[in-house]
Amino acid sequence: MIWNKEKECMPREELDKLQLSRLKETVFRAYSFVPAYRSKMDAAGVKPQDINNLADLKYLPFLTKQDFRDNYPFGLLAVPMRDVVRIQSSSGTTGKPTVAGYTRDDIETWAELMARALTGAGASADSIIQITWGYGLFTGGLGGHYGAEKIGAAVLPASGGNTRRQIMLMHDYGTTLLGCTPSYALVMYEEFMESGLDRSQFRFKTGLFGAEPWSENMRKEIESKWEIDAYDVYGMTELIGPGVASECAGKNGLHLAEDHFLAEIIDPDSGEVLPYGSHGELVITSLTKQALPLVRYRTRDLTRINREPCECGRTHARIQKILGRSDDMLIIRGVNVFPSMVESILLQIPGIEPQYQLVVNRVSNLDRLEVQVEVSEGVFSDEVRKLEELEARITRDLDSGLGISVRVRLVEPRSIERSEGKAKRIIDNRKL
Amino acid sequence: MAKQISVFLENKAGRLSHVTRVLGDAQVNIRALSIADTSDFGILRLIVNDPEKAYRILKEQGFTVSQTEVVAVQVPDSPGSLATVLEQMAEENLNIEYLYAFLGTKDDDALIIFKVEDIQRAKAAFEKQGIRFLEEKKLYEL
Numbered sequence: 040m041i042w043n044k045e046k047e048c049m050p051r052e053e054l055d056k057l058q059l060s061r062l063k064e065t066v067f068r069a070y071s072f073v074p075a076y077r078s079k080m081d082a083a084g085v086k087p088q089d090i091n092n093l094a095d096l097k098y099l100p101f102l103t104k105q106d107f108r109d110n111y112p113f114g115l116l117a118v119p120m121r122d123v124v125r126i127q128s129s130s131g132t133t134g135k136p137t138v139a140g141y142t143r144d145d146i147e148t149w150a151e152l153m154a155r156a157l158t159g160a161g162a163s164a165d166s167i168i169q170i171t172w173g174y175g176l177f178t179g180g181l182g183g184h185y186g187a188e189k190i191g192a193a194v195l196p197a198s199g200g201n202t203r204r205q206i207m208l209m210h211d212y213g214t215t216l217l218g219c220t221p222s223y224a225l226v227m228y229e230e231f232m233e234s235g236l237d238r239s240q241f242r243f244k245t246g247l248f249g250a251e252p253w254s255e256n257m258r259k260e261i262e263s264k265w266e267i268d269a270y271d272v273y274g275m276t277e278l279i280g281p282g283v284a285s286e287c288a289g290k291n292g293l294h295l296a297e298d299h300f301l302a303e304i305i306d307p308d309s310g311e312v313l314p315y316g317s318h319g320e321l322v323i324t325s326l327t328k329q330a331l332p333l334v335r336y337r338t339r340d341l342t343r344i345n346r347e348p349c350e351c352g353r354t355h356a357r358i359q360k361i362l363g364r365s366d367d368m369l370i371i372r373g374v375n376v377f378p379s380m381v382e383s384i385l386l387q388i389p390g391i392e393p394q395y396q397l398v399v400n401r402v403s404n405l406d407r408l409e410v411q412v413e414v415s416e417g418v419f420s421d422e423v424r425k426l427e428e429l430e431a432r433i434t435r436d437l438d439s440g441l442g443i444s445v446r447v448r449l450v451e452p453r454s455i456e457r458s459e460g461k462a463k464r465i466i467d468n469r470k471l
Numbered sequence: 507m508a509k510q511i512s513v514f515l516e517n518k519a520g521r522l523s524h525v526t527r528v529l530g531d532a533q534v535n536i537r538a539l540s541i542a543d544t545s546d547f548g549i550l551r552l553i554v555n556d557p558e559k560a561y562r563i564l565k566e567q568g569f570t571v572s573q574t575e576v577v578a579v580q581v582p583d584s585p586g587s588l589a590t591v592l593e594q595m596a597e598e599n600l601n602i603e604y605l606y607a608f609l610g611t612k613d614d615d616a617l618i619i620f621k622v623e624d625i626q627r628a629k630a631a632f633e634k635q636g637i638r639f640l641e642e643k644k645l646y647e648l
């Protein structure tokens, strides 16, 4: 199903025209109202009037997370505070929080994007949608909430935590669609199994999952356990929140809302724009955002763009499911390791839950990767031998799958730190 | 036959005290315990007065816990009696996964908890060899 056929299925030439006029406007507003943009563009010797077609984008300087830090908290806003109606921010686990402001129109845009994502996942006014992304400064909860209300669904604003109550709500109130992080969907499944409730008494059919990268194997795991369809939704606080891109029934890439965002793929090291089809870092320029216009924001997320027509009828390009962030990528003894690779391998071992953490240490100039895996009831044994066999099996599979030798350590459940339902996957103790 | 509670523990300070405190607060009494450990983790094995409750409470507290069927064998607390039982078990070709012992509280007996491969076969063998094993209820009441 398609929420906004006119926009989501707009013919390519029209879309290009729309993008260009909106791009010019965005660049003009950023240059005129945000001193940080003006000085960056002046330093690069480029003026708003130099942007005459979409390819001219490459002359503009990048915006990075560092710019958010340098202009903390409100320096990147292009409107006066009296026009701002909402402030959201990231958790700030890696330094100062990233702050985003929204005008009333921005909030409306965001709701529209999430309405598209939910409709693409099969939701309608008949749906009962349980939102277990956290409500608050984190964009998940309120983003999902506004989108769900926009399509006329009944929203259960459950927010995060209290898994037992979540299962009770799903069962008693007949939740048809769940919005949460993929790892939490599995935590909920464990709780459901323990509850002894009958699956046939649930109306749960669909999950919309986002806020952390997850692999295809994780999708398979969630879909087969819960017997649902699982869809991916993409976004981040800086961009607007979730809804920037989302999957259709084809589950083969996420349609990027091209009437609101412009995407490029660059080489994360050189910053050079890569040819169509290449795998690299996603760079996003916002086209309609008022409070926080973004010009060439480096997302750090790695993907590729696919402009092939999609059988669902949407004309918007798709980005491939994001499997890693350039700053999530660990280089260990010259080998690239992404958490999603570890996840994929773990999921192929029967009984193992994809709750894991990567810890990197440098011991006498040698990088050592330790993979901590939580021991769930499914694999626990009262015999040391069996647990040691399990440890050896995981080690063997990771060694051959990743191409480096790892040390596996079994840890207690829930001992891996989670922030706003997002699992913290990497601890890098190397002093580089 | 008896139910043993097995708990997965990381080798970290305070984990064992946490388990025992949780059980203590729930008025669960520990009858016997043993720990099998490696450099990374340990497996705590417990005989308690109320295994169902212990299992539930520990699970609620987020521990990885399971219930394991074991046999409690009663032997005289005198030199050579463990050897005798083990010889009898060897004669019956019973494989022992692990065992731990504790003193009984009456009759000058010692109790040995066995985890065996095939518990039904073990039971039959014990009967045949005249080895005394404690019924579940009696063990918890010790």
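Protein sequence lines, in the order shown, are assigned to chains W and G. FYI, in the numbering used here the residues of the first sequence are 40 to 471. FYI, in the numbering used here the residues of the second sequence are 507 to 648. Beta carbons are placed, not taken as given, at the ideal position from N, Cα and C, and that holds for glycine. Bear in mind the structure is a predicted one, so any value in this text is a computation, not a measurement.
Could you spell out the range, first to last residue, of the beta strand (DSSP E) harbouring residue i?
i, result
"Ile371 of chain W", "369–371"
"Pro281 of chain W", "280–286"
"Arg337 of chain W", "336–342"
"Gly246 of chain W", "245–248"
"Met507 of chain G", "Run containing Met507 of chain G: none; DSSP gives neither H nor E here."
"Asn400 of chain W", "395–402"
"Lys621 of chain G", "615–622"
"Phe113 of chain W", "Where Phe113 of chain W is concerned, there is no enclosing beta strand (DSSP E), given that its DSSP letter is neither H nor E."
"His294 of chain W", "293–295"
"Leu216 of chain W", "216–219"
"Phe547 of chain G", "547–554"
"Val272 of chain W", "268–275"
What residue range does the alpha helix (DSSP H) around residue i cover?
i, result
"Ser309 of chain W", "It is not in any alpha helix (DSSP H) - Ser309 of chain W carries neither H nor E in the DSSP assignment."
"Val418 of chain W", "Segment: none, Val418 of chain W is in no alpha helix (DSSP H) and carries neither H nor E."
"Met595 of chain G", "587–597"
"Ser540 of chain G", "Where Ser540 of chain G is concerned, there is no enclosing alpha helix (DSSP H), although the beta strand (DSSP E) it sits in stretches over 536–543."
"Leu59 of chain W", "51–72"
"Pro557 of chain G", "557–566"
"Arg203 of chain W", "202–212"
"Glu642 of chain G", "642–647"
Quick one: residues in its chain with C-beta nearer than 8 Å to the C-beta of residue i, no 5 flanking neighbours on either side, listed in chain order?
i, result
"Lys629 of chain G", "Met507, Val577, Phe639"
"Ile146 of chain W", "Val124, Arg125, Tyr185"
"Val399 of chain W", "Leu369, Ile371, Asp406, Arg407, Leu408, Glu409, Ile465, Ile466, Asp467, Asn468, Arg469"
"Ser415 of chain W", "Glu229, Gly390, Ile391, Glu392, Gln394, Pro452"
"Val591 of chain G", "Val579, Val581, Ile618, Ile637"
Tell me which same chain residues have a C-beta within less than 7 Å of the C-beta of residue i, skipping the five on either side of it?
i, result
"Leu59 of chain W", "Asn92, Leu93"
"Val528 of chain G", "Ile563, Leu564, Gln567"
"Gly183 of chain W", "Met153, Ile170, Trp172, Gly218, Pro281"
Is residue i near residue j, with beta carbons less than 8 Å apart?
i, j, result
"Gly285 of chain W", "Leu278 of chain W", "One detail in the question is off: residue 285 of chain W reads as Ser in this sequence, not Gly. Against a cut-off of 8 Å, the Cβ pair of Leu278 of chain W and Ser285 of chain W comes out as no contact."
"Pro307 of chain W", "Ser365 of chain W", "yes"
"Thr570 of chain G", "Val423 of chain W", "no"
"Lys634 of chain G", "Pro557 of chain G", "no"
"Thr148 of chain W", "Asp122 of chain W", "no"
"Leu247 of chain W", "Leu157 of chain W", "yes"
"Pro221 of chain W", "Ile261 of chain W", "yes"
"Ser198 of chain W", "Tyr223 of chain W", "no"
"Ile324 of chain W", "Leu96 of chain W", "This sequence places Thr at residue 324 of chain W; Ile is not what is there. It is a contact, given that the beta carbons lie within the stated cut-off."
"Phe419 of chain W", "Phe608 of chain G", "no"
"Lys621 of chain G", "Glu598 of chain G", "no"
"Leu600 of chain G", "Ala631 of chain G", "yes"
Cβ of residue i within 7 Å of any heavy atom in the ligand NAP?
i, result
"Met207 of chain W", "This structure does not include the ligand NAP; it has no bound ligands of any sort."
Contact defined as beta carbons within less than 8 Å: I believe residue i pairs with residue j. What is the distance between those atoms, to the nearest angstrom?
i, j, result
"Thr342 of chain W", "Met275 of chain W", "13 Å between Cβ atoms; not a contact."
"Trp42 of chain W", "Ile168 of chain W", "Actually they are not in contact, since the Cβ atoms of Trp42 of chain W and Ile168 of chain W sit about 14 Å apart, beyond 8 Å."
"Leu301 of chain W", "Leu57 of chain W", "With 8 Å as the limit, Leu301 of chain W and Leu57 of chain W do not qualify as a contact, their Cβ atoms being about 11 Å apart."
"Ala532 of chain G", "Tyr606 of chain G", "Rounded, the Cβ-Cβ distance is 23 Å, inconsistent with contact."
"Thr137 of chain W", "Phe107 of chain W", "5 Å"
Who are the near neighbours of residue i in its chain, counting only those whose CB is closer than 6 Å to its CB and skipping five residues on each side?
i, result
"Gly417 of chain W", "Gly390"
"Phe101 of chain W", "Arg335, Arg337"
"Tyr270 of chain W", "Ala160, Leu247, Glu286"
| message | Assess contact between the segment 104–123 of chain W and the segment 329–344 of chain W, defined as three or more Cβ pairs (one per stretch) separated by less than 8 Å. Is contact present? | response | In this structure the segment 104–123 of chain W lies against the segment 329–344 of chain W, because at least three pairs of beta carbons, one per stretch, are closer than 8 Å.
| said: Could you check whether the segment 49–69 of chain W touches the segment 147–166 of chain W, counting it as contact only if at least three pairs of C-beta atoms, one from each stretch, sit closer than 8 Å? | reply: Between the segment 49–69 of chain W and the segment 147–166 of chain W, the count of C-beta pairs closer than 8 Å stays below three; the two stretches do not touch.
| Counting pairs of Cβ atoms below 8 Å between the segment 317–325 of chain W and the segment 239–255 of chain W, do you hit three or more? | No, the segment 317–325 of chain W does not touch the segment 239–255 of chain W.
| Do the segment 400–417 of chain W and the segment 240–251 of chain W meet, that is, are 3 or more Cβ pairs less than 8 Å apart? | As far as the Cβ criterion goes, the segment 400–417 of chain W does not touch the segment 240–251 of chain W, which means the pair count is below three.
| Contact between the segment 352–371 of chain W and the segment 425–432 of chain W (3+ Cβ pairs under 8 Å) | With a cut-off of 8 Å, the segment 425–432 of chain W and the segment 352–371 of chain W do not count as touching, because too few Cβ pairs lie within range.
| said: Quick check: the segment 338–351 of chain W against the segment 76–91 of chain W, are at least 3 beta-carbon pairs closer than 8 Å? | reply: No, because fewer than three Cβ pairs between the segment 76–91 of chain W and the segment 338–351 of chain W fall closer than 8 Å, the two stretches do not touch.
| request: Count the C-beta pairs between the segment 534–543 of chain G and the segment 443–451 of chain W that are closer than 8 Å, then say yes if the count reaches three, no if not. | output: The segment 534–543 of chain G is not in contact with the segment 443–451 of chain W.
| message | For the segment 582–594 of chain G against the segment 611–626 of chain G, do three or more pairs of beta-carbon atoms, one drawn from each stretch, fall closer than 8 Å, so that the two count as touching? | response | A contact exists between the segment 582–594 of chain G and the segment 611–626 of chain G.
| query | Counting Cβ pairs, one atom from each stretch, are 3 or more of them under 8 Å apart for the segment 222–237 of chain W and the segment 197–207 of chain W? | reply | Contact holds: three or more Cβ-Cβ distances are below 8 Å.
| said: Across the segment 508–525 of chain G and the segment 545–555 of chain G, are there enough close Cβ pairs to call them in contact, namely three or more that are closer than 8 Å? | reply: Touching, per the Cβ criterion.
| Sufficient close CB pairs (3 or more, under 8 Å) joining the segment 429–438 of chain W to the segment 381–390 of chain W | Judged by Cβ distances under 8 Å, the segment 429–438 of chain W makes contact with the segment 381–390 of chain W, as three or more pairs qualify.
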